[in-house]
Every structure is written in structure tokens, then in C-alpha cells.
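Undergrad:
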Amino acid sequence: MKKILIIHTGGTIAMSEDTKTGAVKPNPLNPLHDTIHGVEDAELVVEDFLNVPSPHMTPSYMVHLAKRIDKRVMEERIDGVVVTHGTDTLEETAYMLDLILETDIPVVITGAMRSSNELGSDGPYNLLSSIKTASSLEARGKGVLVVLNDEIHTAKNVTKTHTSNIATFQSPQYGPIGIVSKRGVHFHHHPVSDQRFVVPSLQKKVLLLKAVAGMEPEVLQSLCDLPIDGLVIEAFGQGNLPPRTLPALKSLIDKGIPIVLVSRCFNGVVQDTYGYEGGGKELKEMGMIFTNGLNGQKARLKLMVALEKTSDRERLQDIFQR
Ligand code: ASP
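Under my numbering, the first residue of the sequence shown is numbered 196, with each subsequent residue one higher.
#1: Measure the alpha-carbon distance for residue 278 versus residue 504 and round it to whole angstroms.
#2: Go ahead and pull the three-state DSSP assignment for residue 212.
#3: Can you find the residues in the same chain that come closer than 7 angstroms, C-beta to C-beta, to residue 320, ignoring five residues on each side of it along the sequence?
#4: Under 7 angstroms from any heavy atom of ligand 3, does the C-beta of residue 213 make it?
#5: Between the beta-carbon of residue 311 and the beta-carbon of residue 254, is there less than 8 angstroms?
#6: For residue 461, which residues of its own chain have a beta-carbon under 6 angstroms away from its beta-carbon, when the five flanking residues on both sides are left out?
#7: If you draw a straight line from the C-alpha of residue 406 to the C-alpha of residue 436, how long is it?
#8: Would residue 408 be called buried (16 or more neighbouring beta carbons within 10 Å of its own) or exposed?
#9: Taking 7 angstroms as the cut-off, is the CB of residue 253 close to at least one heavy atom of ligand 1?
#10: How is residue 408 classed by DSSP in three states: helix, strand or coil?
#11: Can the beta-carbon of residue 291 be found closer than 8 angstroms to that of residue 496?
#12: Taking 8 angstroms as the limit between beta carbons, can you name the residues of its chain near residue 338, skipping five residues before and five after?
#13: For residue 286 and residue 353, which I take to be in contact (beta-carbon distance under 8 angstroms), what is that distance rounded to the nearest angstrom?
#14: Comparing the CB of residue 257 with every heavy atom of ligand 1, is any distance shorter than 7 angstroms?
#15: Ignoring anything shorter than 4 residues or poking outside the segment 380–430, list the alpha helix (DSSP H) runs there in chain order.
#16: Does at least one heavy atom of ligand 1 sit under 7 angstroms from the Cβ of residue 307?
#17: So, with DSSP's three-state summary, where would you put residue 280?
#18: Pop quiz: residue 301 and residue 334 are said to be a contact at Cβ under 8 angstroms. What is the actual Cβ separation, rounded to whole angstroms?
#19: In whole angstroms, what separates the C-alpha of residue 210 from that of residue 220?
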């Protein structure tokens, strides 16, 4: 029988709806403790690590969570791990764990769009699907997985796409790498990249900005006086920015602040295609780092992690290309 460690961190999956006000709120006692008694074929060990709505999650909590998982996996015989989490920042915690966890056993993150006492509550079902996935031998070596609504996604590609629909988690362009059915877990793709970084803690401050038409240069100028270590910009299309933003961005680069470009588009990669003012060619020549399809929130976490290892631009560019 597989021994599965379940680590709760909070989120809607652990909340319930106040029948008078309609407010969905955390519970002092996680309702999932009553749900998961009847799981066959797995011995479950449960830990209440946090009980927070996921907008309260921080990179520092994520690092502590990773350390906790690695410690327990090292000290006990554990075959797989399931983390329950709020869906708002679930993809960020999943990706952070993917980058910094040392263990190779399956680690699955799940959540719910409907709280524990709402009609059609999806939490218990998602938890059960995640336990099945974490128990699967095939889940090994695929990085941290996100399981909801019968689908298995990679931490790298998955994103929350809908505010309320239970099919909110999608991997734009790539799709899920497997499905969960009544009888088991079926993988149909194998992820190709695997980048891991052992970091004791995260000390670097990295900001994320989104480019907009006619973006006010003052936003970027104000950054020049802030104590930041890196910047990620969600640029237009293939990686282009409004010309008025360039002088401040050049000052930041001259100060040694790495700037990583991702796209506002949720499909495709950024590259140095355009040769007009503010186009990708100029941005690349200025020294901006281009990514390989990550979204802004994940690129920010990756830059925080990567900066713990190096501030060399070439090495950062290499890390962000993979
Ligand atoms: N706002 C909630 C949270 O992220 C949403 C959810 O869990 O689905 O904690």
C-alpha cells in the first residue's frame, strides 16, 4: 500500500460558505479531515501546514513548504505527496516547488472552486484524484503536477483561466499531460524540461509589470530609485514595448538590474523579431532576457530563484531559455 503525505495549506477547498451572508470563509478545522477517511489502496498521513486563502501565500511560505516536504520525505517512508491549496496562486506555489524541491517522488497540488458545503463541491473529488495520481508510479519524474477536474497538468504550463468554472486550470498551447479516470491515472505526454535549484531561502526582490498601450514612463522611472534586484515585464506580442519606456529600462540595465521579458499573450514565446523602436531586436540588444513561454507570475518566481545562484546575464539568459 502506498503511503501518501497530504499537506493542507488552506484555500476554498478548506473553506465553507456562510448560509446567511453567502461569504466563503476559512474554517478553524479543515473539513477535508472528514472527507478523506474512506480512501482505499493508500495509507494517508495528514499535516495541517497552513490554513490561508491563497492570496495570502508568499514566496517565503513556498520555500518553507518545499523544505517541509523534503524533510518529511527524507525522514519517513513516503511514496507520494498531495498539497491542497487555494486556486488563486496555486500555479505559483506549484511552479516554485517544481523549481526547488529536491525529492523525486510524485508531488501533486490540488484545490477546489467550490467550498466544502456548496452544492457540487469539487474539493473531495479533486483530493481523491490527486491521491490516485500521487500513488501512481508513472507520476515519478514528471515534476510537480497540478490535478483538478480529472486532468493532470505540469506546474510549468498550467494556469488559472476562469474565475469560477471548475475547469479553470488549463495549460495553454500544450494541454494536460494525463487524465484521471474512475479506474486509474493515464499519462499521454512526458514533460521535457527539468530545472532544479537548491536554495536555502529567497532574498531577492523581483517586481512584475505589465506593458500597456501608451504606458506611462513614470512607472518605470520610479523603479530606478527602488531597491530591487530584478524586473519581469509582460511585454506585447512577441516581445515589444512602448518606446517611451526605453530610457528608464536602459537605466535599470545600466545599474545591473536584470530585466526578463515574457508576453502578455498566453500562447507562444518571446523572441527578437521586430526591428522598430521598442521592438524585440532593440530590447535584446539592450540586454533584456527573453523567456521560453513562461507567464509573468512564474517568470518572477524563477528570477527570484535564479538570482540566488547567479546575476550573470548570460547565465540568466540560458536559464530562461530552457
Ligand atoms: N480565493 C481562493 C483562494 O485562492 C480561491 C480558491 O481557493 O479557489 O484561496
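Built from N, CA and C at the ideal position, the CB exists for glycine as well. Bear in mind that the values here come from a model prediction, so they are computed numbers and not experimental data.
TA: For this structure:
#1: Rounded to the nearest whole angstrom, the CA to CA distance from residue 278 to residue 504 is 27 angstroms.
#2: Residue 212: strand per DSSP, three-state reduction.
#3: Cβ within range, chain order: n/a, list empty.
#4: Judged by which ligands are present, ligand 3 is missing from the structure shown, whose ligands are ligand 1.
#5: No Cβ-Cβ contact shorter than 8 angstroms links residue 311 with residue 254.
#6: Hits under 6 angstroms: 367.
#7: If you take the alpha carbons of residue 406 and residue 436, they lie about 7 angstroms apart.
#8: A residue is called buried when at least 16 other Cβ atoms come within 10 angstroms of its Cβ; residue 408 does not meet this threshold and is exposed.
#9: Remark: the C-beta of residue 253 is outside contact range of ligand 1, defined as less than 7 angstroms to any heavy atom.
#10: Three-state result, residue 408: coil.
#11: Result yes, Cβ atoms of residue 291 and residue 496 sit closer than 8 angstroms.
#12: Cβ-Cβ distances below 8 angstroms link residue 338 to 293, 349, 350, 351, 386 and 389 in the same chain, with the five nearest sequence neighbours on each side left out; the list follows chain order.
#13: Residue 286 to residue 353, Cβ: 5 angstroms. Contact.
#14: Flag unset: Cβ of residue 257 not near ligand 1.
#15: Fully enclosed alpha helix (DSSP H) runs of 4 or longer: 412–418.
#16: With a cut-off of 7 angstroms, the C-beta of residue 307 is classified as near ligand 1, since at least one heavy atom of the ligand falls inside that distance.
#17: Coil at residue 280, not helix or strand.
#18: The beta carbons of residue 301 and residue 334 sit about 4 angstroms from each other, so the pair counts as a contact at 8 angstroms.
#19: So the alpha carbons of these two residues sit roughly 5 angstroms apart.
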